[in-house]
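Worksheet: one structure, shown below.
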Amino acid sequence: MVLRVTNMTEKELCLSLCEVYGTPGDEIEIAKKAQDILSQYMKTEIDTLGNVIAKFNEGGKTKIVLEAHMDRVGLVVRGIDEKGFLLIDKVGGTDTRTLVGANVVVFGSEKLPGVICSTPPHLMKKGDEDLPIDVTKLAIDIGYSKEKAEQLVKIGDRAIIDSKGVNLLGDRISSPALDDRCGMASVIIAVENVIKKLKNVELTVVFSTQEEVGGSGAKTAAFNIDADYAICVDVGFASDLLCDRTQTIDLEKGASIGISPVLDRTFMLELKEVAKKNGIPFQHDVMSAQTGTNADNICNSKGGVKTALLSIPLRNMHTPVEVISIRDIKLTSDLISAFILEKEEQQNA
Amino acid sequence: MLETLKELCMIDGTSGREEDVRNYIIGRIEGKCEYKVDPMGNILAFKKGKKTAKNKVMFSAHMDEVGFIVTYITSEGFLKFDTVGGIDSKVIVGRKVVFSQNKNKIFGVIGLKPVHLTAASEQGKVPPYDSLYIDIGAPSKEEAEEYVCVGDSAYFVSSAIEFGENKILSKAIDDRFGCAVMIKMIESELPYDANFAFVVQEEIGLRGASAAAFTIDPDYAIVLEATTAADVAGVSGADCVCIPGEGAVVSFMDRSTIYDREMFKRAFELAREKNIPCQTKTLIAGGNDAGAIHKTRGGIKTITVSLPCRYIHSACCVADIDDMKSCADMAHALYEEYANA
Numbered sequence: 006m007v008l009r010v011t012n013m014t015e016k017e018l019c020l021s022l023c024e025v026y027g028t029p030g031d032e033i034e035i036a037k038k039a040q041d042i043l044s045q046y047m048k049t050e051i052d053t054l055g056n057v058i059a060k061f062n063e064g065g066k067t068k069i070v071l072e073a074h075m076d077r078v079g080l081v082v083r084g085i086d087e088k089g090f091l092l093i094d095k096v097g098g099t100d101t102r103t104l105v106g107a108n109v110v111v112f113g114s115e116k117l118p119g120v121i122c123s124t125p126p127h128l129m130k131k132g133d134e135d136l137p138i139d140v141t142k143l144a145i146d147i148g149y150s151k152e153k154a155e156q157l158v159k160i161g162d163r164a165i166i167d168s169k170g171v172n173l174l175g176d177r178i179s180s181p182a183l184d185d186r187c188g189m190a191s192v193i194i195a196v197e198n199v200i201k202k203l204k205n206v207e208l209t210v211v212f213s214t215q216e217e218v219g220g221s222g223a224k225t226a227a228f229n230i231d232a233d234y235a236i237c238v239d240v241g242f243a244s245d246l247l248c249d250r251t252q253t254i255d256l257e258k259g260a261s262i263g264i265s266p267v268l269d270r271t272f273m274l275e276l277k278e279v280a281k282k283n284g285i286p287f288q289h290d291v292m293s294a295q296t297g298t299n300a301d302n303i304c305n306s307k308g309g310v311k312t313a314l315l316s317i318p319l320r321n322m323h324t325p326v327e328v329i330s331i332r333d334i335k336l337t338s339d340l341i342s343a344f345i346l347e348k349e350e351q352q353n354a
Numbered sequence: 061m062l063e064t065l066k067e068l069c070m071i072d073g074t075s076g077r078e079e080d081v082r083n084y085i086i087g088r089i090e091g092k093c094e095y096k097v098d099p100m101g102n103i104l105a106f107k108k109g110k111k112t113a114k115n116k117v118m119f120s121a122h123m124d125e126v127g128f129i130v131t132y133i134t135s136e137g138f139l140k141f142d143t144v145g146g147i148d149s150k151v152i153v154g155r156k157v158v159f160s161q162n163k164n165k166i167f168g169v170i171g172l173k174p175v176h177l178t179a180a181s182e183q184g185k186v187p188p189y190d191s192l193y194i195d196i197g198a199p200s201k202e203e204a205e206e207y208v209c210v211g212d213s214a215y216f217v218s219s220a221i222e223f224g225e226n227k228i229l230s231k232a233i234d235d236r237f238g239c240a241v242m243i244k245m246i247e248s249e250l251p252y253d254a255n256f257a258f259v260v261q262e263e264i265g266l267r268g269a270s271a272a273a274f275t276i277d278p279d280y281a282i283v284l285e286a287t288t289a290a291d292v293a294g295v296s297g298a299d300c301v302c303i304p305g306e307g308a309v310v311s312f313m314d315r316s317t318i319y320d321r322e323m324f325k326r327a328f329e330l331a332r333e334k335n336i337p338c339q340t341k342t343l344i345a346g347g348n349d350a351g352a353i354h355k356t357r358g359g360i361k362t363i364t365v366s367l368p369c370r371y372i373h374s375a376c377c378v379a380d381i382d383d384m385k386s387c388a389d390m391a392h393a394l395y396e397e398y399a400n401a
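Top line first, the protein sequences correspond to chains H and V.
If you read the first sequence in this note's numbering, its first letter stands for residue 6, the second for the next number, and so on.
If you read the second sequence in this note's numbering, its first letter stands for residue 61, the second for the next number, and so on.
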């Protein structure tokens with residue numbers, strides 16, 4: 006399907022969101038892109054911590070919030086050595102195992118290509134190969150001397166692994182930043198699905214900042230919003246060859262409706278009923294305490310918010326080769342849309 | 061030469077699958093020299109010079125690059141693989157690969173268990189490559205087999221770009237660089253007759269070069285290669301091996317060859333005489349086709365001229381553009397010297 010507003014298919018929308026830069030605390034580029042899209046449906050603003058807040062039908066009786074985070078894991082420059090190599094650390098939970106030999110883009114005074122280097126194999130001592138990768142021992146080679154590097158790059162500048170999204174077989178794609186740009190895509194698609202039908206529901210979209218470093222964006226955004234229901238859309242571990250099957254959900258089986266002590270049980274059951282009623286496939290994942298997503302930040306904001314978590318199955322989380330299926334994005338949008346329309350009809354009845 | 065190198069680097073061809081590189085090279089040299097393709101797939105070319113050479117000089121560079129080969133397809137549709145040539149598993153995880161030589165060009169990714177689900181004792185450790193797999197998005201073995209067979213080759217996805225101060229970043233600079241230098245020589249007018257061997261299967265044990273050297277039977281061989289430069293953050297002195305930007309590398313010894321002492325000395329004299337930036341390797345490491353060539357038939361006097369290359373055998377090799385010219389100049393100076401010696 007081609008979206009009316011963006012004139013893109015679901016896959017194109019998702020990949021175009023993944024192409025945009027935006028490490029935690031530096032999300033302005035993705036925020037502007039999100040605002041451009043959402044402002045075609047809703048009234049938008051960017052708040053104090055950089056969250057994109059979009060509202061429709063303010064004053065509606067049932068207040069529903071959809072949340073996905075904009076930030077992506079990345080790297081930060083913490084120094085420049087005497088040969089012009091950039092010393093780095095992580096911003097968010099970048100998988101350090103995937104850094105060595107990776108193409109990167111450094112967001113200095115201009116976008117600079119580079120490569121992450123480490124100790125060459127012939128200088129490794131016996132047993133060194135079994136040691137964990139220490140990001141503070143890695144460096145980015147941007148091909149410049151110290152003097153030139155210092156002109157182009159400042160401490161605190163960010164970098165990301167430079168990798169373009171690709172089609173895999175069927176509906177599957179691989180790209181960096183699918184966590185959580187695929188969540189953003191499913192929220193945008195859900196908005197397009199329902200927006201013309203809303204009379205009684207006040208719909209708010211929060212595209213939040215800094216989830217990967219603890220969720221300051223969602224926490225503060227939630228303080229400013231009144232919500233009866235909040236749905237967080239994030240990603241969950243999809244089964245592969247290496248993961249324990251009991252810890253994973255499956256690709257192409259739809260959104261995973263989270264079950265956790267912090268998530269409202271009646272809301273979870275309601276989503277399940279809506280899914281069944283509308284014939285939308287879904288699955289479950291169970292967490293025994295906090296969810297590790299923005300649901301943890303939203304459920305206890307102000308006087309408390311009924312919060313649900315929908316996770317899109319994703320392989321290789323926090324690596325440059327995250328994998329999802331477009332089918333799961335659509336199924337997630339379908340479930341969100343069905344829930345919103347259910348609430349709309351309940352008010353009509 | 062830079063454009064030729066970029067084009068060559070973007071062609072995929074691991075050991076035993078050099079056909080696309082070979083076809084490109086033939087397209088470039090056709091009509092400019094005599095050549096034949098031998099039973100192993102080496103291109104053996106002869107270029108007539110202005111003068112007949114006293115001695116038979118052979119240039120050699122290898123066409124193959126490191127890559128991946130599918131060894132098994134699991135019931136879930138994942139592809140188990142082995143590396144063709146030495147690739148550190150640290151530079152494999154998290155990379156995209158492409159099956160560019162298949163009927164349907166398809167992409168795959170090499171992922172790993174999410175860090176969140178990894179036991180504390182394993183955090184940050186790169187799993188050995190034999191535990192990894194390529195995910196092409198197939199939900200089953202049957203669907204995977206519609207696109208990929210056991211034995212198919214996969215390659216790093218990479219683009220060749222110029223970056224930083226006068227540098228190039230690409231996969232496969234080892235040894236498309238050598239191929240680029242030889243193409244450029246064949247395309248130019250040469251003072252003396254010269255033989256060129258574009259060889260196969262260097263990365264899995266210097267296999268094509270020995271056959272090529274046997275057939276050509278030269279008096280002298282000049283190997284053109286890329287070699288490890290380790291002048292990265294935190295490394296200094298001799299541990300750097302060689303340094304991009306400081307010229308052609310001529311080494312006295314590596315893990316495959318002790319180079320002819322006279323040729324080694326003469327190379328540095330020529331560098332001084334002709335003002336060619338030249339350095340030697342400060343660590344006895346690596347190896348190249350010289351290891352096979354110097355032992356061919358009754359022995360062949362052999363020297364290697366190498367381009368210093370950071371992150372060799374990864375998707376992102378880095379070399380200095382001026383060094384390319386220094387290497388070509390050095391190789392040319394040696395050939396004039398020994399064609400006439």
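All C-beta atoms, glycine included, are put in the ideal place defined by N, C-alpha and C.
Segments assigned alpha helix (DSSP H), at least 4 residues, entirely inside the segment 229-302 of chain H: 270-282
What residues from chain H crowd round V/Pro-368, counting only those whose CB sits closer than 8 Å? Neighbours of V/Pro-368 on chain H: none; closest Cβ ~12 Å, over 8 Å.
Express the C-alpha separation of H/Asp-100 and H/Val-109 in angstroms, rounding to a whole number. 14 Å
Pick from V/Asp-234, V/Ala-204 and V/Gln-339 that is closest to V/Lys-66, judged by C-alpha positions: V/Asp-234
Under the three-state reduction of DSSP, which class applies to V/Phe-138: helix, strand or coil? coil
Taking the alpha-carbon of H/His-74 as reference, which of H/Leu-276, H/Gln-45, H/Ser-338 and H/Ile-58 has the nearest alpha-carbon? H/Ile-58
When Cβ atoms are compared, which residues of the segment 287-313 of chain V fall closer than 8 Å to chain H? Thr-288, Ala-290, Asp-291, Val-292, Ala-293, Gly-294, Val-295, Asp-299 and Val-301
Which residues does DSSP pair with H/Asp-184 in a beta bridge? In DSSP, H/Asp-184 forms no bridge with anything.
Just checking: is the beta-carbon of H/Lys-88 within a distance shorter than 8 Å of some beta-carbon in chain V? yes
Run through the DSSP bridge pairs and tell me what V/Phe-435 is partnered with. Nothing can be reported for residue 435 of chain V: it is not among the residues displayed for chain V, which extend from 61 to 401.
For the candidate residues V/Ile-353, V/Ala-401, V/Ser-75 and V/Ala-254, whose alpha-carbon lies nearest to that of V/Asp-142? V/Ser-75
In angstroms, rounded to a whole number, what distance separates the CA positions of H/Pro-266 and H/His-289? 14 Å
Kindly provide the ranges of any alpha helix (DSSP H) runs that are 4 or more residues long and lie completely inside the segment 172-229 of chain V, ordered along the chain. 201-205
Between the segment 234-264 of chain H and chain V, which residues of the former have CB atoms less than 9 Å from a CB of the latter, in chain order? Phe-242, Ser-244, Asp-245, Leu-246, Leu-247, Cys-248, Asp-249, Gln-252, Thr-253, Leu-256 and Glu-257
Give me the Cα-Cα distance between V/Val-408 and H/Pro-137, rounded to the nearest whole angstrom. In the structure as shown, chain V starts at 61 and stops at 401, and residue 408 of chain V therefore has no counterpart that could be examined.
Cross-chain neighbours of V/Val-186 in chain H, by beta carbon under 7 Å: Arg-102 and Ile-138
What is the rounded straight-line gap between the Cα of H/Ser-191 and the Cα of H/Met-6? 13 Å
Check H/Thr-337 in the structure and name its three-state DSSP category. helix
Do we get a CB-CB distance below 8 Å when we pair H/Thr-298 with the residues of chain V? no
C-beta neighbour in chain H for V/Ile-71, strict 8 Å: no
The segment 179-213 of chain H: positions lying closer than 8 Å to chain V by Cβ: Ser-179
If you measure between the beta carbons of H/Gly-97 and H/Gly-79, is that distance less than 8 Å? yes
Would you say H/Ala-195 and H/Ser-338 are within 8 Å of each other, going by their C-beta atoms? yes
Report the neighbours of V/Asp-195 on chain H: residues whose CB is nearer than 9 Å to its CB, in chain order. Leu-173, Arg-177, Ser-179, Asp-245, Leu-246, Arg-320, Asn-321, Val-326 and Val-328
Note down the Cα distance separating H/Leu-92 from V/Val-97, rounded to an integer number of angstroms. 48 Å
Secondary structure at V/Gln-261, three-state DSSP: helix, strand or coil? coil
At what residues does the alpha helix (DSSP H) containing V/Thr-422 begin and finish? The requested residue 422 of chain V does not occur in the structure, where chain V is confined to residues 61 to 401.
Counting contacts by CB-CB distance shorter than 8 Å, is V/Val-144 in contact with chain H? no
Please list the partners that H/Ser-1 has in chain V, where partner means a Cβ-to-Cβ separation under 9 Å. Given a span of 6 to 354 for chain H in the structure shown, any question on residue 1 of chain H remains unanswerable.
Any C-beta of chain V under 8 Å from that of H/Gly-148: yes
Same chain, Cβ closer than 6 Å to H/Gly-113, five either side skipped, listed in chain order: Leu-157, Val-158 and Asp-162
Where does the unbroken beta strand (DSSP E) through H/Asn-108 begin, and where does it stop? 108-112
Out of V/Val-158, V/Tyr-189, V/Thr-340 and V/Glu-206, which has the shortest C-alpha to C-alpha gap to V/Ser-366? V/Thr-340
Flag V/Pro-174 as yes if its beta-carbon sits less than 8 Å from any beta-carbon of chain H, otherwise no. yes
By alpha-carbon positions, which one of V/Glu-263, V/Asp-349 and V/Leu-177 ends up nearest to V/Val-126? V/Glu-263
Whether or not the segment 22-40 of chain H and the segment 177-190 of chain H are in contact is what I'm after, with contact meaning three or more pairs of Cβ atoms, one per stretch, closer than 8 Å; do they touch? yes
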